[in-house]
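Asker:
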Amino acid sequence: MTREEMLAYCLGKPGAWLDRPWEGDEVVKVGSRIFAFLGAPDGTARVGVKCGPTREIADEWLHRFPADARPMPYVGRSGWNALDLGGDIPDDELVDAVDGSYQAVVAKLPRRERPT
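Residues in the sequence shown are numbered consecutively from 4, following the numbering used here.
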């Protein structure tokens, strides 16, 4: 899966929109919250997603894909991982990870911000 394909998939989620909160970095949000970090368009092709409610659960990805998954800086302790695109992680599992991140973030949004 390419970065462009992942971005298109993320933006296809109900209520999803592209934001650039930091110079050179792109994220996809639903409501006011990020559910996918994509980084710089010319950087390493990876997606940062919420892989579990705790670091221990998110570590499953690190054990299964040690070369292509790592805790995200700053938010990794909260269950966020960076998953490389185009590596050993199958595309369907990357899509499942984005779906899980999206659902976890939507569940925490105030009702007024949830997509209909």
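Where is the CB? At the ideal position from N, CA and C, for every residue including glycine.
Values in this document were obtained by computation on a predicted structure and should not be read as measured data.
Using 8 Å as the cut-off, can you tell me whether the segment 54-63 makes contact with the segment 18-29, which would need three or more C-beta pairs spanning the two stretches below that distance?
Answerer: The segment 54-63, when compared against the segment 18-29, does not touch it at the 8 Å Cβ threshold.
Asker: Considering only the beta carbon of each residue, do lysine 53 and glycine 82 sit closer than 8 Å?
Answerer: Cβ atoms of lysine 53 and glycine 82: closer than 8 Å.
Asker: Locate the beta strand (DSSP E) running through alanine 110, then write down its first and last residues.
Answerer: Run containing alanine 110: none in the beta strand (DSSP E); it sits in the alpha helix (DSSP H), 94-111.
Asker: In the DSSP output, what is leucine 21 paired with across the bridge?
Answerer: Bridge partners of leucine 21: Val31.
Asker: With DSSP collapsed to three states, give me the class of arginine 73.
Answerer: Here arginine 73 sits in strand by DSSP.
Asker: Please state if the CB of valine 50 and the CB of leucine 88 are separated by a distance shorter than 8 Å.
Answerer: In this structure, valine 50 lies closer than 8 Å to leucine 88 by Cβ.
Asker: In the structure shown, what three-state DSSP assignment does aspartate 45 receive?
Answerer: Here aspartate 45 sits in coil by DSSP.
Asker: Alpha carbon to alpha carbon, how far is valine 33 from tryptophan 64?
Answerer: When rounded, the distance between both Cα atoms is 24 Å.
Asker: Are there 16 or more other CB atoms within 10 angstroms of the CB of glutamate 7, so buried, or fewer, so exposed?
Answerer: Under this definition glutamate 7 is an exposed residue.
Asker: Please state whether DSSP places aspartate 91 in a helix, a strand or coil.
Answerer: In this structure, aspartate 91 counts as coil in the three-state DSSP scheme.
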